[in-house]
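Heads up, the thing below is written out as structure tokens.
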Amino acid sequence: MEPTDEQPNVSGAVMKLELLIAMANQIGDFFSPYPPERATEGLRNHLRTYWDPRMRSALLAHIDAGGEGLSELVVEGARLLRDDAAEKDGYYGPPKR
Amino acid sequence: MPNPRKPEKETITICAYCGVGCGFKAETIGNEIVRMTPWKDGKSNHGHSCIKGRFSYDYYRHPDRVKTPMIRASIDDPWQEVSWEEAFAHAASEIKRIQAKYGRASVGGVSSSRCTNEEIFLTMKFVRAVLGNNNIDNCARICHSPTQFGLSATVGAGAASQHFDSILQADVIMVVGANPTEGHPVFGSMMKRRIRQGAKLIVIDPRRTETVDSPHCRADVHLALRPGTNVAILNSLAHVIVRENLHAPEFIKSRCEWQEFEHWAELVGSDEYSPENIGAIAGVDPEDIRRAARIYASGPRSTVYYGLGVTEHSQGSTGVMCLGNLALSCGMYGREGVGVNPLRGQGNVQGGSCLGSWPHVLTGYRFVTDDATRSSFEAEWGVELDPEPGLRLPNMFDAALTGHFKGMYIMGEDPVQSDPNQNHIIAALRKMECVIVHDIFLNETSKYAHVLLPGSSSLEKDGTFTNAERRISRVRKVVEPLAGYQDWEVTVKLMNALGYDVQYAHAGEVLDELARLSPAYSGASFELLDRVGSAQWPVDTKAPEGTEVLHMEQFPRANGLGTFMLTGFVPTRERISEQYPLLLTTGRILSQYNVGTQTRRTANSQWHPEDVLEMSRGDMQVRGLHTGDRVTVASRFGATQLKVVESNRVNPGIVYTTFHHAESKANAVTSDLSDWATNCPEYKVTAVEVAKVKPDEKSRARTDTAHPAHREHEAEALVAVEDA
Amino acid sequence: MWNEVRGLRDGVDYGTPPRDGEPVSLTVDGTEVTVPAGSSVMLATVQAGRSVPKLCATDSLEAFGSCRVCLVEIEGQRGYPASCTTVVAPGMEVRTQSERLTTLRKGVMELYLSDFPESEIPDGWSELHRTLEEIGLEGHRYGEGHNHFRSPVDESNPYFLFDPAKCIVCSRCVRACEEVQGTFALTIQGRGFESKVAAGQDEPFMESECVSCGACVQACPSHALVEKSLFPGGYERA
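So the protein lines, in turn, are chains A, B and C. Position 13, counted from 1, in the first sequence is what the working numbering calls 699; the numbers after and before it change by one each time, with no gaps. Position 625, counted from 1, in the second sequence is what the working numbering calls 886; the numbers after and before it change by one each time, with no gaps. Position 21, counted from 1, in the third sequence is what the working numbering calls 22; the numbers after and before it change by one each time, with no gaps.
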């Protein structure tokens, strides 16, 4: 069995956009007390570690299309997903032991 | 016959129900269980028990037990009984077909917290190694996933820091969003014992629960906060501690990240979180907030026990972080009688968490994105693994509605009854093409299933459970599996049917493999457990017989230090309105267990034959309601009907119910909001209105028996079903 | 501070809760034994491998001293103290067997048996039956007097029943409900011969505050409180 990663028989977003926007904004709300640099990095790491790749690409596609409804922090942080230099261990780090 | 029958044999095993995981002796005559007596050597219960483990075991031989596999092409067809081979072959061919047509990530699975560690591990292996993706989740998603997130962030481990006995050395016990007297009764009794000896009790809970007030055991402070204001109140406690200099600087300097503490102290010390301000928001007397903070901080040994009242909120993870922050700020970690301890609900939900039954981590909470961890699994399993996080359970349903998710293996779970926003889930299941339900009874979810694999109860299998205090204990087979296979054997056969050839002579071999792949379990084996009875993880070379108290020297974070997370209060988007002016919160009752699949099939229903709505007198009077009336409880999401009962346990503006009976459809009403970090549903806050059922309104079909098998009524469309 | 639960062991009943404390040495029937300070003499006798018959004592509950069966002789002390309520002291010399003790124990047991259904004595396997064996008694010398044989059986709880005819009013159930469970649903109502176990406000168990945890059933030494599941055809009084 060698199923393909492309989904020839499915189109459209993996989840309703409103849900993704709501979830992303909630994450942004959590990071807002942090200084901007840590906040965007934290948000980026959270999405990278916990979100299915299709959800991430749907969010980025929405940002490319204007990002309506998303908070500024979310837009900045999500954009970091594209930046390979930010590829490092999650903000919370895997536990050691 | 004047004298009772004397049992012939006793088998030591663990209760099937809550996270206390009481040790029991299953006493048999021949192949019949005649009674369960509590095991004095059980380290979590010391010879005590509750109604469920002690008496409610007869469900295992209830006539509703599914004994034969069944399949059907469409959920509107009747079930067709088939042999095991046919069922496996059909399931396998369907999965292959779906993956070929819709992609590798279009299928997934969810493991059961009522199944053994070995079974959860194999389900996780099935999804990762055989289905080839990370769409594996666990019911801890809907209860304690914020525990894992929040405690990992602050102290590095998402589990109870103490063992249960530790409470006997506590001077102050703070119970937040939990009701141990009802939900963890044997532990609740231990807690009361300590309080009768003089320990102080602080309870943070919207209701005046049995924990707040029971014979010889009354809370010193009860903060009856509005549902949804946990973080505000916990920050306010921190405010008092920081402003009045009640924290423990030496501990923080030596064991924590001091800079993070300063950031945090600045945040919680701000006027925003003063007791006057927060007391008004949460409906609590500011002086009570001050008293609670002072009592907690002065200890000298203060321990926190918390439950779903903390986690099942849109700020669930934040709430857990608040608890970690509080304990660290006052030095309440790393010795007896202190710590932060989640009261895990089910017998093996801690096991599920440890064993990586999550879309984003492998065993030991190690991320799937981490190459080193993934390689160790790939080496052991002989296949390449997906490096990207998968879908969480709620997101699997969301993806089903958009046509991206088509097949699911559901083991020992009933999402239609236990997960929120029921209409949404039913719509999602209807869009799937192969739902495989592996359970001991037909349930609400099986109405939407295409393959039914008979399950085995914990009395019919060998394996291990991990309870809420990280204690790994042996589950021993007492009677032969009624359908012929132990659950783990079924999962193995399903793997085999999909071409993954693996065999295990007995469940101990699965534990051995699990131990090789999970650092905290590395020393665990049937041999060890037979010898010492039980062991709390981490069980490894440093602690060959387990570890009672965590964090005594180091916190398992990268630098060994605990840290403080900035926990700003973000009110939930769920707001009361003119249309929905009351807040509904939910909970558990002693005699029934979760969705009641097991306990409703025992005599326990004599105590709790139906879920009722508790309402305060004033709210009832204004609506012309009397105790015993049937009322409609409606929210933005759906509605259901319940019997209303006047209660002085809830404050005006709050109503309360339990979720044990399928007919009550409590989750038709609950919202689709969830925790920001983990999607743990916000069960505890829903804006509702309550009104008497009009005489001409069609009353929901309700039978009075406790045997809900094969019932055909669907959720009525009082709210339009979501469509993609 | 926690040995009263952590020190419990399956397969052995120390009679009174284990303690945390400094070691104290004493002799029981000539054998030296060391136990933590605060332990009862009864616990010390069990540790020494010498048993003392008992009825109202069990190690999950604090000592009560009501049954008067566990009497011992202590060198230098007058009388026959109950070993469950007597705390060990360094150098104590305890004797668990003597002619006088046997006479006293038999006398007390016969009084219990005079209000216990005679037909239920043979083939029984409860703790009471084992104690009878230990003391070496099969019956009593009294004829039929006032008794509780016709007290109604409470079968309100679906899982266990209470037969007052077999109750010896040792209060283990009451104490279990208080100390182990913490619900305080049971009391002893009345005095002297009229004493009886009452649930709630002298109601059937099912209607009282009882939460059906089974601690009382576990504690009962005479099968007065017993699981219904051990009687396949239903419970019948002899």
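All residues carry an ideal CB built from backbone N, CA and C; glycine is no exception.
What would DSSP say about His986(B), mapped onto helix, strand or coil?
Residue 986(B) lies beyond the range of chain B shown here (262 to 985); nothing can be said about it.
How would you label Gly92(C), buried or exposed, when you count the other beta carbons within 10 angstroms and need 16 or more for buried?
exposed
How many Å lie between Asn728(B) and Glu121(C) at the Cα?
42 Å
Would you say Cys1003(B) lies against chain C (beta-carbon separation less than 8 Å)?
There is simply no residue 1003(B) to check, as chain B begins at 262 and stops at 985 in what is shown.
Hey, which unbroken runs of the alpha helix (DSSP H) at 4 residues or more fall wholly within the region 23–76 of chain C?
42–48
What residues of chain C sit near Cys311(B), judged by a beta carbon separation below 7 Å?
Cys214
Mind checking Pro956(B): buried by the 16 CB within 10 Å criterion, or exposed?
exposed
Nearest chain B C-beta to Met93(C) closer than 8 Å, yes or no?
no
Tell me whether the region 697–712 of chain B and the region 577–585 of chain B touch, counting them as touching only if at least three CB pairs, one residue from each stretch, are closer than 8 Å.
In short, these stretches do not touch, since the Cβ pair count stays below three.
Which bits of chain B does Ile749(A) rub up against, with CB to CB less than 8 Å?
Within 8 Å Cβ-Cβ: nothing; Ile749(A) doesn't reach chain B, min ~19 Å.
Which parts of the region 102–175 of chain C are runs of the beta strand (DSSP E), unbroken and 3 residues or longer, counting only runs that do not cross its ends?
161–163
Does the separation of the CB atoms of Thr846(B) and Val492(B) fall below 8 Å?
It is not a contact, given that the beta carbons lie outside the stated cut-off.
What's the C-alpha gap between Ala710(A) and Thr939(B)?
12 Å
For the beta strand (DSSP E) containing Gln902(B), name the first residue and the last one.
Ala900 to Glu907 is the span of the beta strand (DSSP E), which, as asked, contains Gln902(B).
Can a CB atom of chain B be found closer than 8 Å to the CB of Phe150(C)?
no
For the alpha helix (DSSP H) that contains Pro715(B), what are its first and last residues?
It is not in any alpha helix (DSSP H) - Pro715(B) instead sits in the beta strand (DSSP E) that spans Val712 to Pro715.
In chain order, what residues of the region 132–164 of chain C put their CB closer than 7 Å to some CB of chain B?
Pro159 and Tyr160
Check for me: the alpha helix (DSSP H) holding Tyr917(B) runs from which residue to which?
First-last for Tyr917(B): Ile915 to Thr919, but that is the beta strand (DSSP E), not the alpha helix (DSSP H).
Which residue's Cα is closest to the Cα of Lys286(B): Ala414(B), Trp300(B), His921(B) and Tyr917(B)?
Trp300(B)
Would Arg777(B) be called buried (16 or more neighbouring beta carbons within 10 Å of its own) or exposed?
exposed
What residues in its chain sit with their C-beta under 7 Å from that of Pro118(C), if we drop five residues either side in the sequence?
Only Phe150, Ala166, Lys167 and Ala239 meet the Cβ criterion.
Return the residues of the region 46–66 of chain C that lie within a Cβ-Cβ distance of less than 7 Å from chain B, sorted by chain order.
Ser61
Might you give, ordered along the chain, the residues of its own chain that have their beta carbon closer than 6 Å to the beta carbon of Glu288(B), omitting 5 neighbours on each side?
Pro268, Glu271, Val295 and Arg296
At the level of alpha carbons, what is the spacing between Pro24(C) and Gly606(B)?
40 Å
With DSSP collapsed to three states, give me the class of Cys591(B).
coil
Mind checking who Cys478(B) pairs with in its DSSP beta bridge?
Ser475(B)
Since Ile542(B) is in the alpha helix (DSSP H), which residue starts that stretch and which ends it?
Pro536 to Ala543
Looking at the structure shown, is Thr706(B) part of a helix, part of a strand, or coil, going by DSSP?
Note: Thr706(B) maps to helix in three-state DSSP.
Curious, which full-length beta strand (DSSP E) runs of at least 3 residues does the region 325–370 of chain B contain?
none
Alpha carbon to alpha carbon, how far is Glu770(B) from Phe185(C)? Give it in angstroms, no decimals.
46 Å
Return no unless some Cβ of chain C is closer than 8 Å to the Cβ of Gln430(B).
yes
Quick check on DSSP: helix, strand or coil for Ser960(B)?
Low confidence applies here, because Ser960(B) scores a pLDDT of 49, under 50, leaving its location unreliable; read the following figure in that light. DSSP places Ser960(B) in coil when its eight states are reduced to three.
Run through chain A and tell me which residues come within less than 7 Å of Leu652(B), C-beta to C-beta.
Asp738
Based on Cα-Cα distance, which residue from Cys279(B), Leu587(B), Phe387(B) and Arg878(B) lies nearest to Gly823(B)?
The residue with the shortest Cα to Cα distance from Gly823(B) is Leu587(B).
Per DSSP, which one or two residues make a beta bridge with Val601(B)?
Val565(B)
In three-state DSSP terms, what is Val89(C)?
coil
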